[in-house]
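Participant: According to my numbering, the sequence shown is numbered sequentially starting from 1.
Here it is, the structure in full.
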Amino acid sequence: MNTPADKLPDISMDTNALYREEMVTDRRIGVLRILHPIKADGSADTARAMVFSGEAQLMTSIGALPISFDIPATTFEEAAAAYNTASKAALERTMQELQELRRQAASSLVIPPSGSHLRGLGGLGGGGKIQMP
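The structure is reproduced here in structure tokens:
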């Protein structure tokens, strides 16, 4: 008999792409994550480079919006110095995406012309009311 668990996708970790995560914060601006490559046995994988990512929050009218972004760097010192530039670029992309979502939401509204009426539908008319398509 098929159970809901039988329908779930096979979820497994890629043991060739493992990282140990370290978080650093100044307790003021944000978080910088350092991903240290490791082998399946947990030892350091010196054949791969460290990966750096940052996190920041954008305050909106509905609360804090977390923003994550990659930081192109080869050392922690470079990543810390590049945090400002990378966070500004991520915030700018996020703002553009939010504006595009607002534009799409606004363009999905259909406003019939004033004075138009739908006949034969129980007297419901357009009358300038907003209708969803």
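Beta carbons: idealized from backbone N, C-alpha and C, even for Gly.
If you pair each beta-carbon of the segment 34 to 47 with each one of the segment 13 to 21, do three or more pairs fall below 8 Å?
Facilitator: Cβ pair count under 8 Å is three or more, so yes.
Participant: State buried or exposed for I62, treating a residue as buried only when at least 16 other CB atoms are found within 10 Å of its CB.
Facilitator: Exposed, by the Cβ-count rule.
Participant: Would you report the Cα separation of A56 and A44, rounded to the nearest angstrom?
Facilitator: About 28 Å.
Participant: Tell me where the beta strand (DSSP E) around A56 begins and ends.
Facilitator: Element bounds for A56: V51 to T60.
Participant: How is M23 classed by DSSP in three states: helix, strand or coil?
Facilitator: Correct three-state label for M23: strand.
Participant: Tell me where the beta strand (DSSP E) around R33 begins and ends.
Facilitator: Looking at the DSSP string, the run of the beta strand (DSSP E) that includes R33 is V31 to I38.
Participant: May I ask which residues mark the beginning and end of the beta strand (DSSP E) holding S68?
Facilitator: G63 to I71 is the span of the beta strand (DSSP E), which, as asked, contains S68.
Participant: Quick check on this structure: which residue in E97, T46 and N2 has the alpha carbon closest to the alpha carbon of T74?
Facilitator: Of E97, T46 and N2, the residue nearest in Cα terms is T46.
Participant: DSSP three-state call for A17: helix, strand or coil?
Facilitator: In this structure, A17 counts as coil in the three-state DSSP scheme.
Participant: Taking the alpha helix (DSSP H) that T85 belongs to, which residues open and close that run?
Facilitator: That run of the alpha helix (DSSP H) goes F76 to S107.
Participant: Look at the Cβ atom of F76, then the Cβ atom of G54, and state whether they are nearer than 9 Å.
Facilitator: No, the pair does not count as a contact, with Cβ atoms beyond the cut-off.
Participant: R142: buried (16+ other C-beta within 10 angstroms of its C-beta) or exposed?
Facilitator: In the structure as shown, the chain begins at 1 and stops at 133. Residue 142 is therefore absent and cannot be evaluated.
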